[in-house]
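Heads up: the structure comes next, in structure tokens.
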Amino acid sequence: MRTRLVVSLLGLVLVTGSTPALAAPPGNQPLPGYTVNNPPLTPAVVDGKPTRVLQGVHRHSAYTVEVPAKWNGRLAMWAHGYRGTGTVLTVDPPAYGLRTQMLNQGYAWAASSYYANGYDVRAGVTATHDLAQHFAKLVSRPEKVFIAGVSMGGHVIGRSLEQYPGFYDGALPMCGVMGDHELFDFFLDYQVTAQALAGVGTYPVPADYLTRVVPQIQDELGLTTLVPGGPDTVTDRGAQFRAVTVERSGGPRPGATPAFAFWKDFLFGLATPPADSAPLSLDPGRLATNLGTRYQPNTPVDLNRETQRVAPRDWRSRLSPALTEIPKIAGRPRVPVLSLHGLGDLFVPFSMEQDYRADVARNGQSRWLVQRAIRTVDHCEFSPAEVGTAWNDLVAWADRGRKPAGDAIGDRGAVAATTFGCRFSDRAAYAGAGTRRLFPACP
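Numbers -23 to -1, 1 to 420, taken from mature numbering (1 follows the signal peptide of the UniProt record, and there is no 0), label the letters of the sequence shown in order.
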């Protein structure tokens, strides 16, 4: 399953890819070209006492640290997701109510902007670790360090556990890019299979791909007016394209049909022309491949024969075990990992969890992994109850050694069941806004 790869993330995956230069400024300043926007954070009040908030710049990364008056000696690191390709460094506090929950439980938390924006996992891994070490000087050495985060932050977490083995005591990646390069392979698959089915061969994509080619593809496949919950307008070939996309994103599962309609336009927008002279982080498409990928279903069009095969333009980066901007995750966590992922997310598809599960199992470390499916379609669409429960279960696991329950995401039959994802989805959130109504209500 490691033979698919990188087409590009317009919104999630293109990057500045900046790394510290030889003539870098002092560590308390951002790298050349970057500025910091980290406005004062109002302290929270815990048990009637305000927290202590510390903010600054460390090793070119902005940071925020918050410590409750009755600190329990533990630290939670927050790994943010993709920031875009802008030049302003910003810091997020833990989301989904975790900031309040952690503080009320006595935890301190810390979050870094990373020293560069864009899809630069190396920046996230090193900056988060540097800040955790800096915390010992700012406050005190923590007894335990946990790490949580979202989206690209999941990629940061997966690699952090392996880059610094034994440093973190537990991890909570959510909607994370746990399959590393497989994400970009998925984006490549989306473009080349659509082109094969529509009879339009245009890979690498031209500059006018979105304005000229994509409308032609969508018209040929019956996607132009397709919307979630609306009439099924797809042609026979469009139905095959949808089925292939479902397979490549995690297999048949609840919500797959409306999820395809929800994401179809956005996914075409992730393809951009190659830029070989740019840094890897600006041209992740050079890593992508579908050599050896077998597409299913393979009718009415023989996609395994008709689909254009694409080799990585940068084999060295694809195969490198080094900590690059887009590094591998080997699947050796060695500490408790509890992950959450939306069933219908196609920006960072559910298959990311299956890829990570396979990697972990291959390394004989399945005892360290619990994964939970949430019945949502949008990216990183979780309720505070879902995240808060996962955090509590992770901490209890790390403290007492009792592995919590999860979903059988590697069981194709279980994933395809109509009630899959119900066990850990917040039923109270079903009545609210968002995409949960694209799923039938859980019994």
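The beta-carbon is built from N, C-alpha and C at its ideal position, and this holds for glycine as well.
Around the beta carbon of residue 276, a 10 Å sphere encloses fewer than 16 other beta carbons of the protein chains shown; the residue is thus reported as exposed. With a minimum length of 3 residues, the unbroken runs of beta strand (DSSP E) contained wholly in the stretch 92 to 157 fall at 121 to 127 and 147 to 151. The C-beta of residue 296 has fewer than 16 other C-beta atoms within 10 Å across all chains shown, which makes the residue exposed. A Cβ-Cβ separation of about 4 Å places residue 401 in contact with residue 349 under the 8 Å criterion. Remark: three or more beta-carbon pairs, one from each stretch, lie closer than 8 Å, so the stretch 126 to 140 and the stretch 40 to 56 are flagged as touching. Measuring C-alpha to C-alpha distances from residue 250 to each of 259, 243 and 372 identifies 259 as the nearest.
An exposed status is given to residue 243, since fewer than 16 other beta-carbon atoms sit within 10 Å of its beta-carbon. Under a 10 Å Cβ-count criterion, residue 6 is classified as exposed, with fewer than 16 other Cβ atoms of the shown protein chains found around its own Cβ. Around the beta carbon of residue 363, 16 or more other beta carbons lie within 10 angstroms, which makes this residue buried.
328 is the residue among 108, 313 and 328 whose C-alpha sits nearest the C-alpha of residue 320. With respect to the C-alpha of residue 386, the residue from 379, 123 and 231 having the closest C-alpha is 231.
The beta carbons of residue 52 and residue 122 sit closer together than 7 Å.
Residue 188 counts as exposed, since fewer than 16 other beta carbons sit within 10 angstroms of its beta carbon. Taking the CA atoms as reference points, residue 406 sits about 12 Å from residue 399. Counted as a single uninterrupted DSSP element, the beta strand (DSSP E) harbouring residue 348 occupies residues 346 to 351. When DSSP reads this structure, residue 35 sits in a beta bridge with 38.
Scanning the stretch 22 to 81 for uninterrupted alpha helix (DSSP H) segments of 4 residues or longer gives 75 to 81, listed from N- to C-terminal end. Residue environment analysis places residue 238 among the buried positions, since at least 16 neighbouring C-beta atoms fall within 10 angstroms of its C-beta. Excluding sequence positions up to five before and after residue 373, its CB lies within less than 8 Å of the CB of 379 and 381, all in the same chain and listed in chain order. Nearest to residue 304 by alpha-carbon distance, out of 217, 96 and 339, is 96. Scanning 323, 333, 418 and 294 for the CA closest to the CA of residue 307 turns up 333.
Residue 403 has its alpha-carbon roughly 28 Å from the corresponding atom of residue 338.
Nearest to residue 64 by alpha-carbon distance, out of 11, 73 and 84, is 11. An exposed status is given to residue 120, since fewer than 16 other beta-carbon atoms sit within 10 Å of its beta-carbon. In this structure, DSSP gives residue 12 an extended state, which the three-state scheme calls strand.
When secondary structure is reduced to three states using DSSP, residue 89 falls in the strand class. A residue is called buried when at least 16 other Cβ atoms come within 10 angstroms of its Cβ; residue 298 does not meet this threshold and is exposed. Inclusion of residue 288 and residue 165 in the CB contact set at 7 Å is not warranted, their separation being larger than that value.
Residue 180 and residue 99 have their C-alpha atoms roughly 29 Å apart. Per the C-alpha coordinates, the member of 235, 310 and 397 positioned closest to residue 204 is 235.
Residue 314: member of the beta strand (DSSP E) spanning 314 to 319, first to last residue.
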